[in-house]
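Student: Structure provided below as structure tokens; questions to follow.
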Amino acid sequence: RSSDLGWIILGESMQPLEVCALACVVLGVIMVILAVPEAPGIHNRSVHGVAGNLAEVDFIMAAVGFGAFITASWLSVVLVVPGLTAARGMLWTLMTGVLAGYTFTLWKCVSMLLIGTRHTLVHWQIYIIVAIASCMCVMQVHTLNIALALGSAKAVVPLTFSLGVLIQILNAQVAFEELSSMRRQALFWIGVFLVLVSMACIVQIQLSSEDEEAALEDGDATAALKKGEAEEASMKFGRSQTMGFSGPSPLRHARLGRRHSSYFGIKNDNAAACRGHVYPLPSSGLVVEV
């Protein structure tokens, strides 16, 4: 539905390859979800058990690894290709997807504790989890707004959803070992690989589209500049022509002097009847002095 809204409201267009890549992303996510087994009994964990799993070294190191990867990607974009808007948009989309996965994991833990345990609110660990999850929600909204401003909504929304699902499943394995009993591992890894490859294709397509748009803008600017120079030269030529024919030449003065009688519509045989002197003016005709 985000693609339909992006086309109707924002007037965004997509290339056929980009549509195919997004379809592959959705297909990969469906394969991953189908491969993940159900994890019964997790809702019976205590507050100390859930908080302890979230505070394990593996879970923290995974979060630090994602943070380091995002930081390295940010530095590479800023230093190598600072002018590419599509690359920056994909980077903010990546950040939004990672935050979405961790936000979902934390709120899932909060919901499990509120539903499956008693006297949950008397434990201080629950408030720490809620505070961290709330901060991540605010950060996720901020990064999503920037990603939508720099990129296409029809690409940002599906990619954010897909990354969020993958990060959520990874956190479920790291923190709660939910994938230990997974039997369809081939389906799972094929889905993950399909999502990652499709995301790389989408990034490449958007970078190519941005380069083409920049080339078209440069061509339009060059054509407009040449058109302006041609119009200015034409105006200068017109002014020079006007100044060259503003008044009669000396030869014209001499001819007007000889043909003063015909200038007034008087025949040559009646020219003697005219009294006074006739003086030709440069541009407005003749003046007769009586």
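Counted the way this note's numbering counts, the sequence shown spans residues 621 to 910.
Positions of the beta carbon are idealized from the N, C-alpha and C atoms, including for glycine.
On a predicted model such as this, the values are computed, not experimentally measured, just so you know.
1. Thr763 lies in the alpha helix (DSSP H); which residues open and close that run?
2. Specify the secondary structure class of Gly736 as computed by DSSP and reduced to three states.
3. Keeping to the same chain, check which residues put their C-beta closer than 6 Å to that of Met710; ignore five residues upstream and five downstream.
4. Are Ile746 and Leu733 touching if we call contact CB-CB under 8 Å?
5. Quick one: what does DSSP say Val776 is sitting in, helix, strand or coil?
6. Check whether the Cβ atoms of Ala775 and Gln826 lie closer than 8 Å to each other.
7. How many Å lie between Val815 and Gln788 at the Cα?
8. Would a C-beta distance cut-off of 8 Å place Ile766 and Trp712 closer than the cut-off?
9. Could you tell me whether the Cβ atoms of Leu714 and Leu783 are closer together than 8 Å?
10. Go through its chain and collect everything with a Cβ distance to Val812's Cβ below 8 Å, but skip five positions before and after it.
11. When you compare each of Cys821, Phe686, Ala751 and Ala675 to Ala718 by their alpha carbons, which one comes out closest?
12. Considering only residues of the region 635-715, which uninterrupted alpha helix (DSSP H) runs meet the minimum length of 4 residues and lie entirely inside it, listed in chain order?
13. Report the three-state DSSP secondary structure of Leu799 (helix, strand or coil).
14. Kindly list the residues whose CB is nearer than 8 Å to the CB of Val730, restricted to its own chain and excluding five residues on each side of it in sequence; keep chain order.
15. Please name the residue, chosen from Val639, Phe808, Ser829 and Val817, that lies closest to Pro657 on a Cα-to-Cα basis.
16. Here's the rule: buried if 16 or more other CB atoms are within 10 angstroms of the residue's CB, otherwise exposed. What is Thr691?
17. Identify, in the order they occur along the chain, each residue of the same chain with its Cβ nearer than 7 Å to the Cβ of Cys640, setting aside the five sequence neighbours on each side.
18. For Phe781 and Val817, what's the separation of their Cα atoms in angstroms?
19. Label Gln635 either buried or exposed according to how many other C-beta atoms from any shown protein chain fall within 10 Å of its C-beta, with 16 as the threshold for buried.
20. I need the straight-line Cα distance from Leu704 to Leu764, nearest angstrom please.
21. What's the C-alpha gap between Met819 and His739?
22. Applying the criterion that 16 or more other CB atoms from any shown protein chain within 10 Å of the CB defines a buried residue, is Gln805 buried or exposed?
23. Find the nearest neighbour of Ala720 within the set Leu642, Gln793 and Cys755, judged by alpha-carbon distance.
24. Is Ala675 closer than 8 Å to Met802 when the C-beta atoms are compared?
25. Just the Cα atoms here: how many angstroms apart are Phe724 and Leu845?
26. Give the straight-line distance between the Cα atoms of Val698 and Phe689, rounded to the nearest whole angstrom.
27. Between Phe679, Met681, Ala683 and Ala707, which lies nearest to Ser829 when the distance is taken from Cα to Cα?
28. Is the separation between the beta-carbon of Leu790 and that of Val645 shorter than 8 Å?
Tutor: Taking the structure as given:
1. Trp744 to Leu770
2. Helix at Gly736.
3. Val823
4. yes
5. DSSP, reduced to helix, strand and coil, places Val776 within a helical segment of the structure shown.
6. yes
7. 14 Å
8. Taking the C-beta atoms as reference points, Trp712 is found nearer than 8 Å to Ile766.
9. Note that the C-beta distance between Leu714 and Leu783 is below 8 Å.
10. In chain order, Gly648, Val652 and Leu786 place their CB closer than 8 Å to the CB of Val812, counting only its own chain and leaving out the 5 sequence neighbours on each side.
11. Note on identity: in this sequence residue 718 is Val, with Ala being the wrong assignment. If you compare the alpha carbons of Cys821, Phe686, Ala751 and Ala675 with that of Val718, the shortest gap goes to Phe686.
12. 636-655, 667-674 and 677-700
13. coil
14. Ile746, Ile749, Val750 and Ala753
15. Phe808
16. Counting the other Cβ atoms within 10 Å of the Cβ of Thr691 gives fewer than 16, which makes it exposed.
17. none
18. Straight-line Cα distance between these residues: approximately 16 Å.
19. exposed
20. 18 Å
21. Cα to Cα, the separation comes out at about 44 Å.
22. exposed
23. Cys755
24. no
25. 53 Å
26. 14 Å
27. Of the candidates Phe679, Met681, Ala683 and Ala707, the one whose C-alpha sits nearest the C-alpha of Ser829 is Ala707.
28. no
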